[in-house]
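In the numbering used here, the protein residues as written are -9 to 174. Cβ atoms here follow ideal geometry from the backbone N, Cα and C, with glycine treated the same way. Bear in mind the structure is a predicted one, so any value in this text is a computation, not a measurement.
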Amino acid sequence: MPATQEKKEVAKEHPSGDPRFKMIDRALKRCHYQQDSLIEVLHTAQETFGYLTEDLLIYVAQQLKLPPSWVYGVATFYHFFSMKPQGEHTCVVCLGTACYVKRAGEVVNLIKAEFSLEPGKTTADGQLSLVTARCVGSCGLAPVVVLDGTIVGKETPEQSLERVKKLVKSGSGSEAKLQEAKTS
Ligand code: FES
């Protein structure tokens, strides 16, 4: 394998082990790591994560060998990109096909009704942001909900709602509290 190609293979592994990065990797590969595919890759990132974070922008910048400031500028310039929501907690519900057939739409509806919250919005008290995404790369766990960055799956809509309620009740988004919501 040529050295440059080998370098690319190594670079695409994301240290977090988050399976969602694989979806971005696929988009990068599909576009042959062309810098002019930045918008397409950012679209995939947003569809996968529900929004763009600094971590994501840096990752994409590194992979496309673009200055992070440039990528940030593009992401904030176009209205169709959204940056991380402002809520204390973030709940991303995957509405990809595998999740949808496992009642992910009901998860969204229950959360909407419980918190009077539309996808893409944050509750008035700033506690919860609800976001939807399209395939987060963990279809085997459908229906998948990502709570404060942690993937949770294979639950009924009612169980998912309970988990979100517990997380919001726990107050600030510390890892310990997330774990508590996850295990109870
Ligand atoms: S469709 Fe939800 S993880 Fe793939």
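1. Comparing C-alpha positions only, which one of V50, P58 and K144 sits nearest to A94?
2. Keeping to the same chain, check which residues put their C-beta closer than 7 Å to that of S6; ignore five residues upstream and five downstream.
3. Using only the alpha-carbon positions, how far apart do Y90 and L28 sit?
4. What residue does the alpha helix (DSSP H) around H69 start on, and which one ends it?
5. Per DSSP, I141 forms a beta bridge with which residues?
6. For A114, is the classification buried or exposed, using 16 other Cβ atoms within 10 angstroms of its Cβ as the cut-off for buried?
7. So, for T80: in the same chain, excluding its five sequence neighbours on each side, which residues have a beta-carbon less than 7 Å away from its beta-carbon?
Quick answer:
1. Mapped onto the sequence shown, residue 94 falls at position 104. Checked all of V50, P58 and K144; the closest Cα to A94 is K144.
2. On the sequence shown, residue 6 is found 16 positions in, with the first residue counted as 1. So the list is empty, once near-sequence residues are dropped.
3. Here residue 90 refers to the residue found at position 100 of the sequence shown. Here residue 28 refers to the residue found at position 38 of the sequence shown. For Y90 and L28, the distance between alpha carbons rounds to 28 Å.
4. As a position in the sequence shown, residue 69 is number 79, starting the count at 1. Unbroken run through H69: none, as it is neither H nor E.
5. For the purposes of this step, residue 141 is taken as the residue at position 151 of the sequence shown. Partner(s): V136.
6. Walking along the sequence shown from the start, residue 114 turns up at place 124. By the 10 Å Cβ count, A114 comes out exposed.
7. The residue labelled residue 80 in the question sits at position 90 within the sequence shown. Once the five neighbours on either side are set aside, the close Cβ partners of T80 are S119, V121 and D138.
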